[in-house]
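Reading through the structure tokens given below for one structure.
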Amino acid sequence: MKKILVIGSAGQIGSELVFKLREIYGDDNVVASDKCPNAGKKLQEKGCLFEILDVTDRDALREICKKYEINNIINMAAILSAVGEKKPTLAWDVNMGGLLNVLEVGRELAMEQVLVPSSIAAFGPETPADNTPQETILRPKTIYGVTKVAGELLGDYYVQRFGLDVRGLRYPGIISNETLPGGGTTDYAVEIYYEAIKNKKYTCFVKEDTRLPMMYMPDCLKATIDLFQADFSKLKHHADFNVGAMSFTVGELAASIKKYIPEFKISYEPDFRQDIADTWPNSVDDSCAREEWGWKPSYDLDAMTQDMLKVIGEKYEKGLI
Ligand code: VAH
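Heads up: the sequence shown runs through residues 5 to 325, numbered per this note's numbering.
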């Protein structure tokens, strides 16, 4: 029986992954955790098992794993790229200190699996930008990217040195309508939909021709669970799978929205996050994920835009946003 601990359950991905895992493995076999007590209240109101946990506290992590007999950990706790550039030592402490705690507790308690996501932020300006290969130059220019490269290497080390089953995906920008992202460079691709519904206009903090790999949350959850459920013996890679779904510029995103909200207006005021976005690829080659565990995305830009505008529009009508 899998008993799964999700760390960072208040975050953009964690807050939806918890419910997907509960559907598959049963409500009593998924424990949500986060350092944010308020998030815990919301999750508990929805019936989730919840524990307050700061991923940098190894003893607390170990106690929770023992209390619930956890045998699988999914760690979604992270300081993302934009906040990381403002607080680099915090990003290191959470992203690396937290990861080491998860790997060590996973090793000590002989976990079945530890899933620790990476990001396209692991790539840098020297990396081939189009159809970025699985094996390539990893010289990121953000502390977030540094922690993602180091995290991939540390995860793979725990596989080969201790035989711990560690897996991870290089998430692209993730777009969703449940929990707002917190402090990423790709947040514009979420904000734009909310502003289009509420104000019919948006001022974007990166330029119109900024092209990045992106993925809709349903595909993000599908990729995460497909990798989580994959046969370990078929994996040639472990903590660093490229996964792709789509790649678009801000201009293309705005045009997709205008198909449904013709009066939508966008303007551009690039800030420091433009410099981060400029170091990331335009698109990725995810053939290894497709070959090793059958990855296949479902959503393209227009399908995502239709669903985002529908769900956010309904929330707006109900006065929820
Ligand atoms: C960020 N949303 O913008 C994250 C993600 C690829 C970007 O890792 O920092």
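Even glycine gets a Cβ: it sits at the ideal position worked out from N, Cα and C.
Residue i and residue j closer than 8 Å at C-beta
i	j	result
N76	Q117	yes
P185	V288	no
F268	L305	no
A126	V153	yes
L103	L158	yes
E60	G101	With the sequence shown as reference, residue 60 is identified as Thr, and Glu is not the correct amino acid for it. Cβ atoms of T60 and G101: closer than 8 Å.
V327	E212	Here the chain covers residues 5 to 325 and nothing more, so residue 327 does not appear.
F166	R111	yes
R294	V210	no
A14	C40	yes
I316	I201	yes
D160	H242	yes
Y206	I270	yes
R62	V98	no
Cut-off 8 Å between Cβ atoms - residues of its own chain near residue i, not counting five sequence neighbours on either side
i	result
D134	P285, N286, S287
L324	none
K319	N181, I325
K204	I265, E267, F268, K269
For residue j and residue i, believed in contact at Cβ under 8 Å, the rounded distance
i	j	result
A81	I28	Between I28 and A81 the Cβ distance is about 22 Å, and since that is not below 8 Å, they are no contact.
L173	T136	Not really, about 14 Å apart at Cβ, beyond 8 Å.
I74	L57	The Cβ separation is near 11 Å, so there is no contact.
S123	P222	In fact, because the Cβ distance is near 19 Å, the residues do not count as touching under 8 Å.
C208	Y272	5 Å
G128	P144	4 Å
When the options are compared against residue i, the one with the closest alpha-carbon
i	options	result
L107	L65, Y303, L94	L65
Y148	T189, I141, G159	T189
Q16	E199, L84, F232, A114	L84
V170	E273, A258, A234, G101	A234
A114	D32, F54, L168	L168
A95	T151, G128, R62, P41	T151
E296	K262, K319, F245	F245
T214	D31, A281, Y161	A281
D290	A243, G248, L47, N203	G248
P176	Q164, D191, L313, T183	D191
T146	P92, K263, K205	P92
I237	A258, T283, V163	It is worth fixing the name first, because residue 237 is Ser in this sequence and not Ile. Of A258, T283, V163, the residue nearest in Cα terms is V163.
K90	G187, K204, S260, A258	G187
T183	T283, D31, K6, K46	K46
A193	D97, A259, K226, E321	A259
K6	Y72, P121, E321	Y72
K50	R62, P274, D31	D31
K263	P274, L239, L313	L313
K226	K300, D279, K70	K300
Cβ-based neighbour list, residue i, same chain, cut-off 6 Å, excluding 5 preceding and 5 following
i	result
L25	I8, V34
L119	I78, R171, F232
C292	Q138, H241
L239	E296
N42	none
Residues of its chain near residue i, where Cβ-Cβ distance is below 7 Å and the 5 sequence neighbours each way are ignored
i	result
G298	D230
M308	I179, Y220
G44	D38, F54, I56
P1	Only positions 5 to 325 of the chain appear in the structure, and residue 1 is not among them; the question remains open.
Q48	F54
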